Amino acid sequence: MMPWTSHLMIAPIILPLLVGALMVLAGERRRMLVTGLAIASTTALVVIAILLLLRASGTEETATQVYRLGNWPAQFGIVLVLDRLSALMLVLTALLGLCALTFALARWHKAGAHFHPLFQFQLMGLNGAFLTGDLFNLFVFFEVMLAASYGLVLHGSGTARVRAGLHYIAINLAASLLFLVGVSMLYGLVGTLNMADLASRIPALPAQDRGLVEAGAAILGIAFLIKAGMWPMGFWLPTTYAAASAPAAAILSILSKVGVYALLRIWLLFFGEGAGDSAGFGGTWLVVGGLLTIAFGSIAVLATQNMARLAGAAVLVSSGTLLAAIGVGQVGVTAGALFYLASSVPGIAALFLLIELAERGRDVGADVLAVTREAFGEAEEEDMEDEEIGVAIPAAKAVLGMSFFACALLLAGLPPLSGFLAKFAMLAPLLPSEGEAGLLRWTLSAALLLSGLATIIAMTRAGIDAFWVTPEGNLPRIGLMEFAPVLLLLALSLAMTVGAGPVLQYMQVTADALHAPTAYLRGVMGAMP
């Protein structure tokens, strides 16, 4: 018999699935029960994710753990794989989920139907994508994640939200089609979809099949790049994220990083140093595409006059930074990129939540809180319209302004917060470079610095407009339930700043394991029923 702790790996998938199903059965009328289930489930996911992170932080032999569904060998059955990277992403997802849910409980969860089930299925899809060990189930969890995100993007109604949501659905359906085509090509040529098995077989492929395998991997990569928001395929992202409600945008801020995660995982497994003639395939394209995405995102950050679109453009800058850093293919740069990932995702989520609070004082977007009569009835709709959340206090603008300033420092990569340390960790291995590869790395270094300059200029302008130019008597009403998640996300950045040494050491060990995936391959392929 397996000890019960061995089943923790499947808990991040099973728990939100079961809770989401119970919520659907309970219906919208039992709101107190549904809310209680949501709080309990999301809090439990945080605890489980931290326990899994501790399990993955052990020795090299125990860092990769495999869970076999149905007790089938990895070559034939479905496996979940836990390592340092997947554990890191689980913790980020759980913390963002708890913060976004807490913020939504103030009033946003009542702005449309089935918010809580959609939120739980969203967490299930994210966790499954990070834990799965084969490409087919990666596709399945991608679709679960995207189906839930369609509902969250549209949550709250409104013309702009529906328009942006339909564009978002169309783009992601096209990406899913490319995903299927790429997976089908790889399976037809290699004969397996288990990622570790694929990585073991690709170096031994005959020369006549190598081109088709690379083409299939390229099509698969395009699907991931669309989800990551790489230029020119990320034009939809700022509009969609700006149109979504604040808690939905906060949890959606990690969706683009799922594409980055998949690229990092698959590229280093399939086309790492041990891939023979295919080693490094597509690396230059990742760097160039990342640089173009940074440029496009920086221009969008400077050009926009809307704070929500500014946050959406910041997502593009962060995605471009990660893609370019991954494409360099250097262990030290990858470690810095992982630190940047862990720092930027909470910072962007906090910014989305802050923007909703700051704009509330200026009566921006009040119409998005309308509740349909069909969903909740006439009486509840009237109560929602008259409801006032939080307390208007003179210090509210000062508190919001300081938090906004912290987000600006974090996203621009300025000291003393963790964004500066993350960019420095990426820049340090890049600078001693020569030749053609050196030119590309120097260009990336310049892009990192200039994107930070563009971000701080744009956010300074937006902060002045939001907190200094607004009339004196127009005070935003802030509730503790809404501001606590922002403080938690910023405190997470502060904790990474104070504990930068252990955090960077964890990222360095993670990067070493990704670039030399022997332990991952041995752990998955050697796991016997």
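Counting in our numbering, the sequence shown runs from 484 upward without gaps. A virtual CB, placed ideally from N, CA and C, is assigned to each residue, including glycine. Just so we're clear, the structure is a prediction, and the values are computed from it rather than from any experiment.
Within its chain, find whatever has a CB closer than 6 Å to the CB of residue i; leave out the 5 residues flanking it on each side and keep chain order.
| i | result |
| --- | --- |
| L614 | L563, S569 |
| M668 | G699 |
| K906 | G896, L931 |
| L629 | N655 |
| L579 | I734, I737, A832 |
| F707 | G742, A745, L746 |
| L904 | A983 |
| A532 | L573, V574, A577 |
| L606 | P499, G580 |
Three-state secondary structure (DSSP) at residue i?
| i | result |
| --- | --- |
| R447 | Residue numbering for the chain in the displayed model covers 484 to 1012; residue 447 lies beyond these limits and cannot be assessed. |
| T436 | An answer regarding residue 436 cannot be provided, because it is not within the stretch 484 to 1012 covered by the chain. |
| H597 | coil |
| I940 | helix |
| Q603 | helix |
| G984 | helix |
| G780 | helix |
| H638 | coil |
| Q991 | helix |
| I496 | helix |
| G1009 | coil |
| W591 | helix |
| A833 | helix |
| G671 | helix |
| P1000 | coil |
| G819 | helix |
| G812 | coil |
| H490 | helix |
| V502 | helix |
In the DSSP assignment, what are the bridge partners of residue i?
| i | result |
| --- | --- |
| N677 | D617 |
Could you pull out every residue in the same chain whose Cβ sits closer than 7 Å to the Cβ of residue i, ignoring the five residues on either side in sequence?
| i | result |
| --- | --- |
| A589 | I872, G962, M964, E965 |
| F754 | S761, A762, G763, F764, G765 |
| L973 | A833, S886, A889 |
| M979 | A825, S826, S901, V986 |
| V666 | L618, F619, F622, L676, L703 |
| A758 | I685, P686 |
| L752 | M678, A682, P1000 |
| G560 | R551, L552, G553 |
| K740 | L824, V828 |
So, at 8 Å on beta carbons, what are the nonlocal neighbours of residue i in its own chain, with the 5 sequence-adjacent residues on each side left out?
| i | result |
| --- | --- |
| L970 | S886 |
| S683 | L1004, M1008 |
| L769 | L746, W750, L806, A807, I809, G810 |
| T767 | G810, L923 |
| L927 | V770, G773, L774, A807, A808, V811, L913 |
| L661 | I702, L703, I705, A706, I709 |
| P721 | A783, T787, R792, G795, A796, V798, L799 |
Using a Cβ-Cβ cut-off of 8 Å, state whether residue i counts as contacting chain D.
| i | result |
| --- | --- |
| Q988 | The chain labelled as chain D is not found in the depicted structure, where only one protein chain is given. |
Enumerate, from N- to C-terminal direction, the unbroken alpha helix (DSSP H) stretches of 4 or more residues contained entirely within the region 875-934.
Taking only runs of at least 4 residues, the alpha helix (DSSP H) segments lying wholly in the region 875-934 are 879-895, 901-913.
Can you check the region 540-587 for any beta strand (DSSP E) of at least 3 residues that lies completely inside it and give the ranges in chain order?
548-551, 562-565
Hey, which unbroken runs of the alpha helix (DSSP H) at 4 residues or more fall wholly within the region 681-767?
690-711, 720-726, 729-735, 738-753
Report yes or no: do three or more beta-carbon pairs, one from the region 590-606 and one from the region 642-658, lie closer than 8 Å?
no
Would you say the region 988-1004 touches the region 806-818, given that touching needs at least three Cβ pairs under 8 Å?
yes
Would you call the region 676-687 and the region 604-624 in contact, with 3 or more CB pairs under 8 Å?
yes
Three or more beta-carbon pairs under 8 Å between the region 996-1007 and the region 738-754, yes or no?
yes
Using 8 Å as the Cβ pair cut-off and three pairs as the minimum, do the region 716-729 and the region 687-696 touch?
Touching, no.
Contact between the region 492-510 and the region 522-530 is defined here as three or more beta-carbon pairs at a separation below 8 Å; is this criterion met?
yes
For the structure I just gave you, are there three or more beta carbon pairs, one from the region 600-608 and one from the region 503-512, closer than 8 Å?
yes
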